[in-house]
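Comments concern the structure below.
Residue numbers (this note's numbering): -3 to 171.
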């Protein structure tokens, strides 16, 4: 993703399962990923962040408060590789999976890649929660997304994790 203008939202649960939503503001392509971090170095998340080269990284405020003591995804957001990326904290309530599912479904008109978000929102609650915070941030900061003005096919590609998991990691319990 050269010359990137990507905004990323990250959230993690106690089971070290990570939800990541990335929006390329130039192509209006939304990527959703949810996976279990299998290493203490958070290699999966680090690899995705290096791929997307985000200009902004959004995390829940509580994660930011805890980052100094626990590491995890917030520590990655502060990693030297992402020094140029602006760090944004949002209230944990902004990472609402139900709102995320509704937003993704409304922006894609429920048709992207034949995905039925209603069926998957409980399984992929972290990445949909990250999507909710990300889209809320885009609406407030960039004024780039207007519910009434989004044409059909605005998001050209709904990320595959809602259809097929890119990384076939074992699922674990909830938050």
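The beta-carbon is built from N, C-alpha and C at its ideal position, and this holds for glycine as well.
All values reported here derive from a predicted model rather than from experimental measurement.
- Only buried fits residue 15, as 16 or more other CB atoms lie within 10 angstroms of its CB.
- Judged by pairs of C-beta atoms under 8 Å, the segment 36 to 49 does not touch the segment 119 to 138, as fewer than three such pairs exist.
- When DSSP states are grouped into helix, strand and coil, residue 9 belongs to the coil group.
- 9 Å or more divides the Cβ of residue 32 from the Cβ of residue 5.
- One Cα belongs to residue 18, the other to residue 53, and the distance between them is close to 9 Å.
- Secondary structure note for residue 132: its alpha helix (DSSP H) is the uninterrupted segment 121 to 133.
- Considering only 104, 38, 50 and 84, the residue with the shortest C-alpha distance to residue 8 is 38.
- Between the alpha carbons of residue 123 and residue 93 lies a distance of about 8 Å.
- In the DSSP assignment, the residues bridged to residue 17 are 5 and 28.
- Distance from the Cα of residue 96 is smallest, within the candidate group 120, 79 and 82, for 120.
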